[in-house]
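Number 87 in this note's numbering belongs to position 103 of the sequence shown; there are no gaps in the numbering.
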Amino acid sequence: MKPFSILMIRLLGLYLFLTTLFAVLPALLGPNVGEFWSAELLPVLVATVGVPMVGGIVLWCFAGRLAERLHGAGGVDDKASGRIADDDLVRAGTFLIGVYLVVRHLGMLVGAYSTSGVVAYDALVVVVAGLCMMLGGGAITALYRRVKYLGVGR
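In C-alpha coordinates form, the structure reads like this:
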(Lines of atoms letter the chains of each structure in order from A and count residues from 1; the text may use other names and numbers.)
(Lines give C-alpha, C1' and ligand atoms only; values in the text may rest on other atoms or scores of the structure.)
Protein backbone atom coordinates (compact mmCIF):
# COMPACT_ATOMS: atom_id res chain seq x y z
CA MET A 1 0.00 0.00 0.00
CA LYS A 2 2.89 2.33 0.66
CA PRO A 3 4.10 2.42 -2.99
CA PHE A 4 0.55 3.17 -4.11
CA SER A 5 0.32 6.02 -1.60
CA ILE A 6 3.68 7.42 -2.72
CA LEU A 7 2.47 7.39 -6.31
CA MET A 8 -0.83 9.07 -5.44
CA ILE A 9 0.85 11.73 -3.27
CA ARG A 10 3.28 12.53 -6.09
CA LEU A 11 0.45 12.68 -8.62
CA LEU A 12 -1.44 15.07 -6.33
CA GLY A 13 1.65 17.26 -5.99
CA LEU A 14 2.17 17.28 -9.75
CA TYR A 15 -1.51 18.07 -10.32
CA LEU A 16 -1.45 21.00 -7.88
CA PHE A 17 1.72 22.41 -9.41
CA LEU A 18 0.70 22.07 -13.05
CA THR A 19 -2.90 23.26 -12.71
CA THR A 20 -1.73 26.36 -10.88
CA LEU A 21 1.03 26.98 -13.41
CA PHE A 22 -1.30 26.58 -16.38
CA ALA A 23 -3.88 28.84 -14.76
CA VAL A 24 -1.41 31.70 -14.36
CA LEU A 25 0.65 31.13 -17.52
CA PRO A 26 -1.64 33.12 -19.89
CA ALA A 27 -1.38 36.15 -17.59
CA LEU A 28 2.41 35.82 -17.45
CA LEU A 29 2.73 35.56 -21.21
CA GLY A 30 0.16 38.25 -21.99
CA PRO A 31 0.89 41.80 -23.14
CA ASN A 32 0.33 43.47 -19.72
CA VAL A 33 2.85 41.56 -17.64
CA GLY A 34 4.01 44.71 -15.84
CA GLU A 35 0.73 45.27 -14.03
CA PHE A 36 0.66 41.60 -13.07
CA TRP A 37 3.67 42.20 -10.79
CA SER A 38 2.27 45.39 -9.21
CA ALA A 39 2.41 45.95 -5.47
CA GLU A 40 -1.36 45.52 -5.11
CA LEU A 41 -1.45 42.12 -6.83
CA LEU A 42 1.78 40.67 -5.47
CA PRO A 43 0.33 39.40 -2.14
CA VAL A 44 -2.59 37.83 -4.00
CA LEU A 45 -0.21 36.26 -6.51
CA VAL A 46 2.00 34.83 -3.77
CA ALA A 47 -0.97 33.47 -1.85
CA THR A 48 -3.04 32.03 -4.67
CA VAL A 49 -0.23 30.89 -6.95
CA GLY A 50 2.77 30.41 -4.68
CA VAL A 51 1.11 28.37 -1.96
CA PRO A 52 -0.32 25.65 -4.26
CA MET A 53 2.88 25.46 -6.31
CA VAL A 54 5.11 25.17 -3.25
CA GLY A 55 2.63 22.71 -1.75
CA GLY A 56 2.87 20.58 -4.89
CA ILE A 57 6.67 20.61 -4.76
CA VAL A 58 6.66 19.68 -1.07
CA LEU A 59 4.23 16.82 -1.71
CA TRP A 60 6.44 15.51 -4.52
CA CYS A 61 9.63 15.70 -2.44
CA PHE A 62 8.24 14.24 0.78
CA ALA A 63 5.87 11.62 -0.66
CA GLY A 64 7.86 8.73 0.84
CA ARG A 65 7.88 10.21 4.31
CA LEU A 66 4.18 11.05 4.16
CA ALA A 67 3.30 7.53 3.03
CA GLU A 68 5.42 6.03 5.80
CA ARG A 69 3.73 8.23 8.35
CA LEU A 70 0.32 7.34 6.91
CA HIS A 71 0.79 3.55 6.85
CA GLY A 72 3.44 3.00 9.50
CA ALA A 73 6.95 1.68 9.12
CA GLY A 74 5.90 -1.77 7.89
CA GLY A 75 3.21 -1.05 5.36
CA VAL A 76 3.27 -4.63 4.10
CA ASP A 77 0.16 -5.83 2.27
CA ASP A 78 -1.14 -9.34 1.92
CA LYS A 79 1.07 -10.23 -1.03
CA ALA A 80 -0.13 -13.83 -1.23
CA SER A 81 -3.62 -12.79 -2.29
CA GLY A 82 -2.58 -9.53 -3.98
CA ARG A 83 -5.22 -7.60 -2.03
CA ILE A 84 -4.97 -4.20 -0.48
CA ALA A 85 -6.76 -3.70 2.81
CA ASP A 86 -9.75 -1.42 2.27
CA ASP A 87 -9.05 0.38 5.54
CA ASP A 88 -5.67 1.44 4.20
CA LEU A 89 -7.25 2.61 0.98
CA VAL A 90 -9.79 4.70 2.88
CA ARG A 91 -7.04 6.15 5.07
CA ALA A 92 -4.89 7.05 2.05
CA GLY A 93 -7.79 8.52 0.08
CA THR A 94 -8.99 10.61 3.00
CA PHE A 95 -5.48 11.92 3.58
CA LEU A 96 -5.02 12.86 -0.08
CA ILE A 97 -8.37 14.64 -0.29
CA GLY A 98 -7.51 16.53 2.91
CA VAL A 99 -4.12 17.58 1.55
CA TYR A 100 -5.70 18.80 -1.67
CA LEU A 101 -8.32 20.84 0.19
CA VAL A 102 -5.77 22.41 2.54
CA VAL A 103 -3.26 23.34 -0.14
CA ARG A 104 -5.85 24.67 -2.57
CA HIS A 105 -7.90 26.72 -0.09
CA LEU A 106 -5.07 27.97 2.12
CA GLY A 107 -3.96 30.20 -0.75
CA MET A 108 -7.48 31.56 -1.09
CA LEU A 109 -7.68 32.20 2.65
CA VAL A 110 -4.36 34.04 2.77
CA GLY A 111 -5.10 35.93 -0.44
CA ALA A 112 -8.46 37.21 0.79
CA TYR A 113 -6.99 38.25 4.13
CA SER A 114 -3.94 39.95 2.63
CA THR A 115 -5.92 42.01 0.11
CA SER A 116 -9.02 43.06 2.02
CA GLY A 117 -8.24 42.17 5.63
CA VAL A 118 -11.37 40.05 5.81
CA VAL A 119 -11.37 36.39 6.73
CA ALA A 120 -12.88 34.22 4.00
CA TYR A 121 -14.94 31.95 6.21
CA ASP A 122 -15.80 29.54 3.42
CA ALA A 123 -12.11 28.90 2.73
CA LEU A 124 -11.45 28.70 6.49
CA VAL A 125 -14.10 25.99 6.90
CA VAL A 126 -12.62 24.02 4.00
CA VAL A 127 -9.08 24.33 5.43
CA VAL A 128 -10.25 23.12 8.84
CA ALA A 129 -12.16 20.23 7.24
CA GLY A 130 -9.08 19.33 5.21
CA LEU A 131 -6.89 19.36 8.30
CA CYS A 132 -9.37 17.11 10.07
CA MET A 133 -9.26 14.73 7.11
CA MET A 134 -5.46 14.73 7.12
CA LEU A 135 -5.05 14.23 10.84
CA GLY A 136 -8.17 12.22 11.62
CA GLY A 137 -7.78 9.32 9.21
CA GLY A 138 -8.28 6.78 11.99
CA ALA A 139 -11.68 8.20 12.93
CA ILE A 140 -12.89 8.18 9.34
CA THR A 141 -11.60 4.62 8.90
CA ALA A 142 -13.50 3.55 12.03
CA LEU A 143 -16.63 5.21 10.66
CA TYR A 144 -16.05 3.39 7.37
CA ARG A 145 -15.82 0.05 9.19
CA ARG A 146 -19.08 0.74 11.05
CA VAL A 147 -20.91 1.60 7.84
CA LYS A 148 -19.37 -1.36 6.01
CA TYR A 149 -20.53 -3.88 8.58
CA LEU A 150 -23.85 -2.20 9.36
CA GLY A 151 -26.57 -4.82 9.48
CA VAL A 152 -24.19 -7.76 8.92
CA GLY A 153 -24.30 -8.88 12.55
CA ARG A 154 -20.55 -8.96 12.97
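Just so you know, even glycine gets a beta-carbon here, dropped at the ideal spot from N, CA and C.
Extent of the continuous alpha helix (DSSP H) run through residue i
i	result
Tyr105	105 to 119
Gly40	35 to 45
Ser22	It is not in any alpha helix (DSSP H) - Ser22 carries neither H nor E in the DSSP assignment.
Thr4	-14 to 13
Thr99	70 to 100
Exposure label - residue i; buried when at least 16 CB within 10 Å
i	result
Val94	buried
Pro15	exposed
Option nearest residue i by Cα separation, candidates the options
i	options	result
Val33	Gly114, Leu2, Glu52	Leu2
Leu54	Val38, Met(-15), Leu(-2), Ala113	Met(-15)
Leu43	Ala51, Gly(-3), Cys116	Gly(-3)
Arg129	Val74, Val83, Val110	Val74
Leu25	Leu12, Thr99, Leu127, Val83	Thr99
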